[in-house]
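In UniProt numbering, the protein residues as written are 1 to 328.
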């Protein structure tokens, strides 16, 4: 996190009592509403001490001296409270874990569909159980959050009786009530509406590449047009007025993250190349980084990676997001 400083107050003190560095017992509590819009939210839980980045700047006014106290904003920034929906899924689990590991930056919450999923990720009070198709089930989870990461998706199931030894092709279906229309459209719309009502400051939504092509094979799974409904939810988010980051991931792989060069694009251009896949762990890291960088807001991007061993592993996520200009 970049180190910044913010002048918090000016105080007039008698000139015969002022000594540089002798301001360790001054006060102070700064209400969030008084924080300048351009600086992080600050909240002080103890008195300012002379070990915090404080300096005195004196200006004589009669027998008074004007003292400006400046403290490090990075040291006092409040952690963001972030809700991860779909936290029981394979990518959702990784995002939730990454947020938990960075407790100095984030307060992690999760929303899962079943009690079994909650137990699987070791969630306690910060993990909620609810159905995203039910707006009332979402409301408790979003109260008081700063940001939302949406990782919910309809999941097809394979029809029984498939025998690959006979050269058969597998067939898939969606359970009744769990089609992409209900999950990827209505369920995500419910989440966006609930988050907006709760005053959320940012939403990160993870979708899939391929949505520009109605004939994409993914749309034929269960004849459910999954990419069509995902795209509809993405457009709804982009029109919501909430700062957003839409991440359209390539083919997801259960591989180690942080060891490949990530590439971004738009309008499914990456699908015309050989670099069409990405590790779930890398998608998760991009989600977390999007919560911290202004360069990620009001943007939609396709995301994939170069093969392992080629290129340079991505570390500068600010530069990665800066490559993107597309809002949808």
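Beta carbons are placed, not taken as given, at the ideal position from N, Cα and C, and that holds for glycine. As the structure is a computational prediction, the values presented were derived from the model and not from experiment.
Exercise. Compute the Euclidean distance between the alpha carbons of residue 252 and residue 278, then round it to the nearest angstrom.
Key: Cα-Cα distance, rounded: 5 Å.
Quiz item: Does the region 196-203 come within contact of the region 215-228, defined as at least 3 CB pairs closer than 8 Å?
Solution: Verdict: no, contact absent.
Quiz prompt | Alpha-carbon spacing of residue 263 relative to residue 188, whole angstroms | solution = Straight-line Cα distance between these residues: approximately 26 Å.
Quiz item: Distance, Cα to Cα, residue 267 vs residue 302?
Solution: When rounded, the distance between both Cα atoms is 8 Å.
Quiz item: Cα-Cα, which of 174, 286, 78, 314 is closest to residue 261?
Solution: Of the listed residues, the one whose Cα sits closest to residue 261 is 314.
Self-check item: Cβ distance (whole Å) where residue 205 is taken to contact residue 246 below 8 Å
Solution: Confirmed, about 5 Å.
Practice problem: Using a threshold of 8 Å, state whether the C-beta atoms of residue 270 and residue 241 are closer than that. | Solution: In this structure, residue 241 does not lie closer than 8 Å to residue 270 by Cβ.
Practice problem: In angstroms with no decimal places, state the Cα-to-Cα distance between residue 139 and residue 124. | Solution: Each residue's Cα considered, the two are about 18 Å apart.
Practice problem: Check whether the Cβ atoms of residue 120 and residue 88 lie closer than 8 Å to each other. | Solution: Taking 8 Å as the cut-off, the beta carbon of residue 120 is found closer than this to the beta carbon of residue 88.
Quiz item: Helix, strand or coil: which one does DSSP assign to residue 106?
Solution: In the structure shown, residue 106 adopts extended strand secondary structure according to DSSP, grouped into three states.
Quiz item: Span of the beta strand (DSSP E) holding residue 253?
Solution: Annotation: the continuous beta strand (DSSP E) that includes residue 253 extends over 251-253.
Quiz item: Looking at residue 126 and residue 109, is the spacing between their C-beta atoms short of 8 Å?
Solution: Yes, Cβ-Cβ distance for residue 109 and residue 126 is below 8 Å.
Practice problem: Return yes when the Cβ of residue 85 is within less than 8 Å of the Cβ of residue 152, no when it is not. | Solution: Yes, they are a contact pair.
Quiz item: Is DSSP giving residue 117 helix, strand or coil here?
Solution: In this structure, residue 117 counts as helix in the three-state DSSP scheme.
Self-check item: Of the listed residues 146, 129, 137, nearest to residue 105 (C-alpha basis)
Solution: With distances taken between Cα atoms, residue 105 lies closest to 146.
Practice problem: On a CA-only basis, which of 318, 304, 288 is nearest residue 274? Give me that one, please. | Solution: Looking from the CA of residue 274, the closest CA among 318, 304, 288 belongs to 304.
Exercise. Could you check how far apart the C-beta atoms of residue 355 and residue 203 are, in whole angstroms? I think they sit under 8 Å.
Key: Residue 355 cannot be examined here, being either before or after the span of the chain that is shown, 1 to 328.
Quiz item: residue 58 to residue 77, Cα distance in whole Å?
Solution: Confidence is the limiting factor: at residue 58 the pLDDT is only 39, short of 50, which leaves the residue's position unreliable and the question unanswerable from this model.
Quiz prompt | Test item: CB-CB of residue 172 and residue 222 under 8 Å | solution = The answer is yes: Cβ separation under 8 Å.
Quiz item: Helix, strand or coil for residue 227 per DSSP?
Solution: If DSSP states are grouped into helix, strand and coil, residue 227 belongs with the helices.
Quiz item: If you draw a straight line from the alpha carbon of residue 131 to that of residue 79, how long is it in whole angstroms?
Solution: Cα-Cα distance, rounded: 27 Å.
Exercise. Give me the Cβ distance between residue 299 and residue 321, rounded to the nearest whole Å; I'm assuming they're in contact under 8 Å.
Key: About 7 Å separates the two Cβ atoms, so the contact holds.
Quiz prompt | residue 282 in three-state terms, based on DSSP | solution = Residue 282: helix per DSSP, three-state reduction.
Quiz item: Since residue 192 is in the alpha helix (DSSP H), which residue starts that stretch and which ends it?
Solution: Annotation: the continuous alpha helix (DSSP H) that includes residue 192 extends over 188-197.
Practice problem: Would you tell me roughly how many angstroms separate the C-alpha atoms of residue 97 and residue 178, rounded to the nearest one? | Solution: One Cα belongs to residue 97, the other to residue 178, and the distance between them is close to 26 Å.
Exercise. At 3 residues or longer, and completely inside the region 137-173: list those beta strand (DSSP E) runs for me, N to C.
Key: Counting only runs of 3 or more, we get 147-150.
Exercise. Drop a sphere of 10 angstroms on the beta-carbon of residue 54, count the other beta-carbons inside from all chains shown, and report buried for 16 or more, exposed for fewer.
Key: Only weak support is given to the placement of residue 54: the predicted model assigns it a pLDDT of 33, under 50, and the value that follows is read from those uncertain coordinates. Residue 54 sits buried, since 16 or more C-beta atoms from the chains shown fall within 10 Å of its C-beta.
Quiz item: Buried or exposed: residue 42, going by 16 or more other Cβ atoms within 10 Å of its Cβ?
Solution: Low confidence applies here, because residue 42 scores a pLDDT of 33, under 50, leaving its location unreliable; read the following figure in that light. With 16 or more Cβ atoms within 10 Å of its Cβ, residue 42 is classed as buried.
Exercise. Please classify residue 282: is it buried, with 16 or more other beta-carbons within 10 angstroms of its beta-carbon, or exposed?
Key: That one is buried.
Quiz item: What are the start and end residues of each continuous beta strand (DSSP E) run of 3 or more residues lying completely inside the region 259-312, in chain order?
Solution: Restricting attention to beta strand (DSSP E) runs no shorter than 3 residues, the region 259-312 encloses them at 262-265, 277-279, 299-305, ordered along the chain.
Practice problem: Within the same chain, show all residues whose beta-carbon is closer than 6 Å to that of residue 255, passing over the 5 residues directly before and after it, in chain order. | Solution: Once the five neighbours on either side are set aside, the close Cβ partners of residue 255 are 279.
Quiz item: Can you tell me the Cα-Cα spacing of residue 226 and residue 181, whole angstroms?
Solution: Looking at the backbone, the Cα of residue 226 and that of residue 181 are separated by about 7 Å.
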